[in-house]
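A.B. asks:
Protein chains: 4
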Amino acid sequence: MYNFKNDYAEGAHPNILERLYRSNFEQHDGYGDDPYTAKAKNVMQEKMQNPNAAIFFVSGGTQANLLVISHLLRPHEAVISANTGHIYANEAGAIEATGHRIIPVDKTDGKLNAEDVTTVLKQFAMRPHVVKPKMVYISNPTELGNIYTQKELADLSKACKENSLYLFLDGARLAHAICAKNSNLTLADISSLTDVFYIGATKNGGLLGEAIVFSDKKTAYEFDYSLKQKGALLAKGRLLGIQFLELFTDDLYLQLADHANKMAGKIAQALKEMGCLFLADSSTNQLFPIISKEVSKKLSTNYSFFTWREMGSNQEAIRLITSWATDEKTVDQFITDYKALTESTKDKA
Amino acid sequence: MYNFKNDYAEGAHPNILERLYRSNFEQHDGYGDDPYTAKAKNVMQEKMQNPNAAIFFVSGGTQANLLVISHLLRPHEAVISANTGHIYANEAGAIEATGHRIIPVDKTDGKLNAEDVTTVLKQFAMRPHVVKPKMVYISNPTELGNIYTQKELADLSKACKENSLYLFLDGARLAHAICAKNSNLTLADISSLTDVFYIGATKNGGLLGEAIVFSDKKTAYEFDYSLKQKGALLAKGRLLGIQFLELFTDDLYLQLADHANKMAGKIAQALKEMGCLFLADSSTNQLFPIISKEVSKKLSTNYSFFTWREMGSNQEAIRLITSWATDEKTVDQFITDYKALTESTKDKA
Amino acid sequence: MYNFKNDYAEGAHPNILERLYRSNFEQHDGYGDDPYTAKAKNVMQEKMQNPNAAIFFVSGGTQANLLVISHLLRPHEAVISANTGHIYANEAGAIEATGHRIIPVDKTDGKLNAEDVTTVLKQFAMRPHVVKPKMVYISNPTELGNIYTQKELADLSKACKENSLYLFLDGARLAHAICAKNSNLTLADISSLTDVFYIGATKNGGLLGEAIVFSDKKTAYEFDYSLKQKGALLAKGRLLGIQFLELFTDDLYLQLADHANKMAGKIAQALKEMGCLFLADSSTNQLFPIISKEVSKKLSTNYSFFTWREMGSNQEAIRLITSWATDEKTVDQFITDYKALTESTKDKA
Amino acid sequence: MYNFKNDYAEGAHPNILERLYRSNFEQHDGYGDDPYTAKAKNVMQEKMQNPNAAIFFVSGGTQANLLVISHLLRPHEAVISANTGHIYANEAGAIEATGHRIIPVDKTDGKLNAEDVTTVLKQFAMRPHVVKPKMVYISNPTELGNIYTQKELADLSKACKENSLYLFLDGARLAHAICAKNSNLTLADISSLTDVFYIGATKNGGLLGEAIVFSDKKTAYEFDYSLKQKGALLAKGRLLGIQFLELFTDDLYLQLADHANKMAGKIAQALKEMGCLFLADSSTNQLFPIISKEVSKKLSTNYSFFTWREMGSNQEAIRLITSWATDEKTVDQFITDYKALTESTKDKA
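Heads up: the sequence lines are chains A, B, C and D, in that order. Oh and the first sequence: position 83 is 119 in our numbering, straight run, nothing missing. Oh and the second sequence: position 144 is 180 in our numbering, straight run, nothing missing. Oh and the third sequence: position 333 is 369 in our numbering, straight run, nothing missing. Oh and the fourth sequence: position 174 is 210 in our numbering, straight run, nothing missing.
1. Got a sec: is the Cβ-Cβ distance from Y261/D to anything in chain A below 7 Å?
2. Determine whether the beta carbon atoms of M80/C and F204/C lie at a separation below 7 Å.
3. Taking 8 Å as the threshold, find out whether the segment 38-47 of chain C comes into contact with the segment 332-346 of chain C through three or more Cβ pairs.
4. So if I threshold CB-CB distances at 8 Å, which residues from the segment 244-260 of chain B count as touching chain C?
5. Can you give the Cα-Cα distance for D85/D and I235/D, rounded to whole angstroms?
6. Where does P87/C land, buried or exposed, given buried means 16+ other C-beta within 10 angstroms?
7. State the DSSP-derived secondary structure class of I131/D, mapped to helix, strand or coil.
8. Classify F324/B as helix, strand or coil using the three-state DSSP reduction.
9. How about F93/C: is its C-beta nearer than 7 Å to some C-beta of chain D?
10. Let me make sure I understand the geometry here. Which of E54/B, E151/B, L221/B has the alpha-carbon closest to that of L192/B?
11. Please state the DSSP three-state secondary structure of K272/D.
12. Kindly give me the distance between the Cβ atoms of G32/C and A76/C, rounded to whole angstroms, as I take these residues to be in contact under 8 Å.
13. Under 7 Å between C-beta atoms, does A51/A make it to chain C?
14. Could you please give the first and the last residue of the uninterrupted beta strand (DSSP E) stretch that includes T343/B?
15. Is there contact here, the segment 253-272 of chain D with the segment 94-110 of chain C, by at least three beta-carbon pairs under 8 Å?
16. Using a threshold of 7 Å, state whether the C-beta atoms of T73/C and G273/C are closer than that.
17. With distance defined between alpha-carbon atoms, name the residue in D317/C, L356/C, I116/C, D287/C nearest to M299/C.
18. At 7 Å on the CB atoms, spell out the chain C contacts of A164/A, in chain order.
19. May I ask you to report which of helix, strand or coil DSSP gives L189/D?
20. State the beta-bridge partners of E352/C as determined by DSSP.
21. Could you compute how far the alpha carbon of K83/D sits from the alpha carbon of Y289/C?
22. With a cut-off of 7 Å, does the C-beta of A133/C fall near any C-beta of chain A?
23. So what does V115/C bridge to, in DSSP terms?
24. Just mark Q279/A as buried or exposed, buried being the case when its beta carbon has 16 or more other beta carbons within 10 Å.
25. So Y202/A and M162/A are in contact, right, with Cβ under 8 Å, and what is the actual spacing, rounded?
26. Please classify R209/A: is it buried, with 16 or more other beta-carbons within 10 angstroms of its beta-carbon, or exposed?
27. Checking contacts by CB at 7 Å: is S9/A closer than that to chain D?
28. Under a CB-based cut-off of 7 Å, is Q99/D close to chain A?
29. Is the segment 314-331 of chain D touching the segment 209-219 of chain D, taking contact as three or more C-beta pairs under 8 Å?
30. Hey, does V167/D have any beta-carbon neighbour from chain B nearer than 7 Å?
31. Can you give me the C-alpha to C-alpha distance between F314/B and Y44/D, rounded to a whole angstrom?
32. Find the nearest neighbour of L148/C within the set T185/C, H136/C, K264/C, judged by alpha-carbon distance.
33. With three or more C-beta pairs closer than 8 Å as the rule, is the segment 360-370 of chain B touching the segment 249-262 of chain C?
34. Using the Cα positions of G242/A and T178/B, report the straight-line distance between them to the nearest angstrom.
35. Measuring only between beta-carbons, confirm whether A237/B sits less than 7 Å from chain A.
36. If we cut at 7 Å on Cβ distances, does Q279/D have a partner in chain A?
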């Protein structure tokens, strides 16, 4: 039984575990005041070509989202998100629990653009009877696996700046977006085009961890207080520092994401060649093929995955996720199995 | 240079790292739905002789505190704490950020008793112009290293039940309290006398982790939502499950705390024999000896520790913390160094 | 210049001012512990045939909404509302500021039904990654002036009960709904079909004031604390008590709403006879006629009103509101003016 | 039976009711966009010689406190208050409900000084494990009836400026402080020495209302959103505007407070002459005489008042409050009755 349900089914990349083991009996100060954390931040600033970036390591994506949003917004301010955005669809009201409205924008592809921003601003003009939109939240890749191009992000960034809105990019799978074959965005681009973003480790080979990056230190003013107040400041901060240091050594984080993307790409290409359609045009490690319910049921004997959406009475979109740990043999076997099932199903029909 | 500043200066007990390594490429469901987490909870229920206990693993103490308090209290309800309590003194307003007043009670020993509870209830009688006290928060051991006896906890528990107050015990160092030579409290006692408590791993050999225990499943109703909402639900829940499973295998968590206590006890006894006084009567791994500033300054060349409080112009209470990883040779060397410094200082005088 | 912009352009019904004057130098206890407040509540319980109702007087609608919702919901629970609902469209994030998500349902007529409820419950099944829907919020009349029939409310109430959801009815203009010529709902019906609702005075002849009614005293448990905590407990509670006593003396509140409805009805009928279409089918004191921009502009020389929505390039829906204080002569003059403007505009064309 | 329990036992000064009556059928825009509100603000700016002041009218003191504090503080910031302060002692956790810690300072006279501020700042230095003190909250007069001198307020203001703390003055009875015979503070002084304060009408002849004054418009940036969000924006804003306009016409608000102070002063002087001691040295309209329980019990047959504190087994401090509406004959009768009771009690002894 192979698990295609998510990219956090295994533990961590061995380099990380080995460094944890090697450094285990060193004594270090707590709360991130250790040399691994310091070195990791330096390396990351270099990679993003931004010595003015302020970097904070936290445990997970929901935590990162609620920290950033509650720290930057004043009580009457709101954040704009696609309706598919993780903060709107999957976080149990984490943002509202800190007092802020999420303004949802219906988007089939999960991506926001400059026009969406100006439309929302017009809808929320009747001050003071409405919240004040003050931030745009996007995910790259989106929850559907597709990505922003450099131009798309630059246009959105411009719209945000013109309207004094923060641009916040959720990068739980950021390395997968950067490595996507149709991506022309670099980490340096992202750092210069957004006010704050994060780079996920949890879904790219870490045990846990997201690195929140404020592109300008000033924006991060007193963020350390928020980390502590929201329960996000780990006593053994080295646990996060060591992971990001390993992931950013020799660009391991990109290698891992690239592998995951390639495994997904191989599946996607094979299924397309067999005539399969997809819910979204993903170039990262999440795929949403539309398959017959019969094939889906039979596949689930050997593979676990989520059914994403019913598509009429006979078909459904399923979600397949590959990861840094996905073996190519498994991918090949899946393709073979899918082909056999599809053909036998057709034969019957 | 040896670090006596805290009990989270090193990594984790090797058993934990080894199990993480061994299980690394197994695929498991996320969010704590893995077999390690399930097994750890079973073992823990057995140890506390309470099959009705509901157990949740989270990352840290502040997170545990804010989760439990915000989940159980209604908006107008407040929590009573000693003024030395971690939630009042050290958590950057984490509880108030969820909307609740902490009612501080001035206590030199950091311990609350039944009389404290009834006194507070009298002070907060002028409904609805005051908050409603609804929970008592205590730490065992306290932030000063001293502990509750079985009778003290039973009396406090009775007062809480009589007044419909939740009793919540912060056990960031709970194993150290249980192992204290003057303790007669068992894990089963704690589970039966409190409504909710937690067992810390971070300060007792884990990489991170606190196990929140609701003594009755009913009290934990829908707590899973709060975990997610506050950003505490780790994708790779196995990371926490594996740690608690290892710590509760062959009572490792007690062995580790016992070692830490013994190392502290050795220092305490030696210093007492040399005439040193202590700020508090600790029987766990935190010591608060009152020493001359001159000796303190000289000690700090080879040992790092916190100055806790000025005591007149020449003396100060310092805080020394030992841990599962403290080597007995270091302890012996510290005692020798302290003795030499004290005597040379006296000679000068 | 006559103001059709809202139903709170004037002061209060003279009976209220007179009673305030007459009672002015009586000394009474504060915070609602006065005989006027007590008597008003008794009369209202009788009118709704519900001696078990718990009634609280507050200053305004947003205050009533945030009090009720934050008092009844636990942190992870959410409230379902039509997207036109006042809490979603007009209250500056008041509900989110207390920590709760509003789940919007797109409705052109502003009314929720049983099917809407079950649809939302299906969408929010993925516990604990989503908020838990726990309350349905409706307005009667809606923000578009239309109303719920007895059957519609009963069906919705049944769906709420079956799914353990609170049903909360915003009655800022409740008397206008009850008095609507096509309404068969009584105050007693509303009290028996909802868990909590309120009766507005601000928009029906009071200086300020909404009467929050919990249909069962148990649901209101400790609501007095919330009143104080949210700044809603007036020192001179008599100010509210006296107003509701006057409004419920000889059914003044129904007489006032009936007058407002009749004035609106007269305008509606006249405009319909002249071929005018309306955005919504209102039977209360809010009208949304669709008129040419040219006529609208000319009308605005003598009458003030809001433009509600652009309807193509030449037309717009405007909002006209009548009140207890609207003079019938003004209504007649408005009809005459509208007729003249419409005809002259047509002549030109 | 005469009520000395508070200064809001009666309705409003007749001038206010008369102006409400006179203006009743005028049509005005809602939410404070009416000419009475505008004119009241102009007059008040002139009285405080501060054309740059931003003024907002709200319903009550708790509402004013929570609005100002939640609007100005960021999530990790806290407000310093005397332990007797209304926000700490009497508001049901209203401030914590908006997410902020109140740091209490034990003061027998209810007054904070520069040294208190620096002491707190030292105690809260261990960033980020503690909240950040960012505001000082004081009341003038205090809850014990005593006042700040011009020098005391200037010194405190200086300490706040030097430490980048907001100074917020609760003036629920501000006119009584200004009129106190030993006061040398003007409204202009208060406006120049604080960042924000409010002037109470509820306890000085209004039906309800507090005027929040930001000494600099910039500090009030977007405060209108908070008013709406917290349910404080009255639809009929004229109700508040008319009251403040009347109170600031011919300095009525000072005349009313002066009368209340004089009535209290007459009682205080008479009791002192009979040897009575007082809990606090009040020069405003609140008195705390320490009297025998026997006399207290007998007095309570004809006068209602609160017992403030037990003072040994035979005595207690009671609270007597006079107001703009207190009749001098009643005061004289009270003195006569007190004298007779005291003497007959002594005779018995």
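Beta carbons are placed, not taken as given, at the ideal position from N, Cα and C, and that holds for glycine.
C.D. replies: Here's the rundown:
1. On the fourth sequence, residue 261/D is found 225 positions in, with the first residue counted as 1. Interface residue, yes.
2. Locating residue 80/C in the third sequence gives position 44, counting from the first residue. Locating residue 204/C in the third sequence gives position 168, counting from the first residue. In this structure, the beta-carbon distance from M80/C to F204/C does not fall below 7 Å.
3. With a cut-off of 8 Å, the segment 332-346 of chain C and the segment 38-47 of chain C count as touching, because enough Cβ pairs lie within range.
4. E258, D260: these are the residues of the segment 244-260 of chain B whose beta carbon lies less than 8 Å from some beta carbon of chain C, given in chain order.
5. To locate residue 85/D, count along the fourth sequence from 1; it is residue 49. To locate residue 235/D, count along the fourth sequence from 1; it is residue 199. Before going on, a small fix: residue 85/D reads as Gln here, not Asp. I235/D has its alpha-carbon roughly 15 Å from the corresponding atom of Q85/D.
6. One-based indexing of the third sequence puts residue 87/C at position 51. Exposure of P87/C is indicated by the presence of fewer than 16 other C-beta atoms within 10 angstroms of its C-beta.
7. Indexing the fourth sequence from 1 puts residue 131/D at position 95. Under the three-state reduction of DSSP output, I131/D falls in the coil class, being neither helix nor strand.
8. Sequence index remark: in the second sequence, residue 324/B carries index 288 (1-based). Note: F324/B maps to coil in three-state DSSP.
9. Numbered from its first residue, the third sequence carries residue 93/C at position 57. No - not a single Cβ of chain D is within 7 Å of the one on F93/C.
10. For the purposes of this step, residue 192/B is identified with residue 156 of the second sequence, where counting begins at 1. When each option's Cα is compared against that of L192/B, the closest is E151/B.
11. On the fourth sequence, position 236 is the one that residue 272/D refers to. Residue state, collapsed to three classes: coil.
12. The question about residue 32/C has no answer, for chain C in this structure spans 37 to 385.
13. Counting from 1 along the first sequence, the entry for residue 51/A is found at position 15. Per the sequence shown, the amino acid found at residue 51/A is Asn instead of Ala. Not one chain C Cβ lies under 7 Å of N51/A.
14. For the purposes of this step, residue 343/B is taken as the residue at position 307 of the second sequence. For T343/B, the enclosing beta strand (DSSP E) begins and ends at 342-347.
15. Taking 8 Å as the limit for Cβ pairs, the verdict is that the segment 94-110 of chain C does touch the segment 253-272 of chain D.
16. Here residue 73/C is taken as the residue at index 37 of the third sequence, counted from 1. Here residue 273/C is taken as the residue at index 237 of the third sequence, counted from 1. With contacts defined as CB atoms closer than 7 Å, T73/C and G273/C qualify as a contacting pair.
17. Along the third sequence, read from residue 1 onward, the residue named residue 299/C stands at position 263. In this structure, L356/C is the residue among D317/C, L356/C, I116/C, D287/C with its C-alpha nearest to the C-alpha of M299/C.
18. By 1-based counting over the first sequence, the position of residue 164/A is 128. Here residue 164/A is Pro; the residue named in the question, Ala, does not match the sequence. Here the neighbours are A128.
19. Here residue 189/D refers to the residue found at position 153 of the fourth sequence. DSSP places L189/D within a helical segment (H, G or I) once states are collapsed to three.
20. Looking up residue 352/C in the third sequence gives position 316. Looking at the DSSP assignment, E352/C forms a beta bridge with I327/C, E346/C.
21. Position 47 of the fourth sequence, counted from the first residue, corresponds to residue 83/D. Position 253 of the third sequence, counted from the first residue, corresponds to residue 289/C. Taking the straight line joining both Cα atoms gives about 41 Å.
22. What you label residue 133/C is simply residue 97 of the third sequence in a count that begins at 1. At a cut-off of 7 Å, the C-beta of A133/C has a neighbouring C-beta in chain A.
23. Walking along the third sequence from the start, residue 115/C turns up at place 79. Partner(s): I138/C, M171/C.
24. Against the first sequence, residue 279/A aligns to sequence position 243. Buried, since its Cβ has 16 or more Cβ neighbours within 10 Å.
25. Residue 202/A sits at position 166 when you count from the first residue of the first sequence. Residue 162/A sits at position 126 when you count from the first residue of the first sequence. That pair is no contact at about 22 Å.
26. Within the first sequence, residue 209/A is the residue found at index 173, counting from 1. Here R209/A is buried. Its C-beta has 16 or more other C-beta atoms within 10 Å.
27. Not covered by the structure: residue 9/A. The range shown for chain A is 37 to 385.
28. For the purposes of this step, residue 99/D is identified with residue 63 of the fourth sequence, where counting begins at 1. No, Q99/D does not count as interfacial toward chain A.
29. The segment 314-331 of chain D, when compared against the segment 209-219 of chain D, does touch it at the 8 Å Cβ threshold.
30. On the fourth sequence, residue 167/D is found 131 positions in, with the first residue counted as 1. The beta carbon of V167/D falls within 7 Å of a beta carbon belonging to chain B, placing the residue at that interface.
31. As a first step, residue 314/B is located in the second sequence; it is residue number 278 there, counting from the start. As a first step, residue 44/D is located in the fourth sequence; it is residue number 8 there, counting from the start. So the alpha carbons of these two residues sit roughly 55 Å apart.
32. In the third sequence, counting from the first residue as 1, residue 148/C sits at position 112. Nearest of T185/C, H136/C, K264/C to L148/C, Cα basis: T185/C.
33. The segment 249-262 of chain C is not in contact with the segment 360-370 of chain B.
34. Numbered from 1 along the first sequence, position 206 holds the residue referred to as residue 242/A. Numbered from 1 along the second sequence, position 142 holds the residue referred to as residue 178/B. G242/A and T178/B: Cα-Cα distance of roughly 35 Å.
35. Here residue 237/B corresponds to residue number 201 of the second sequence, with the count starting at 1. It does not; no Cβ of chain A falls within 7 Å.
36. What you label residue 279/D is simply residue 243 of the fourth sequence in a count that begins at 1. Chain A, which has no Cβ nearer than 7 Å to the Cβ of Q279/D, makes this no.
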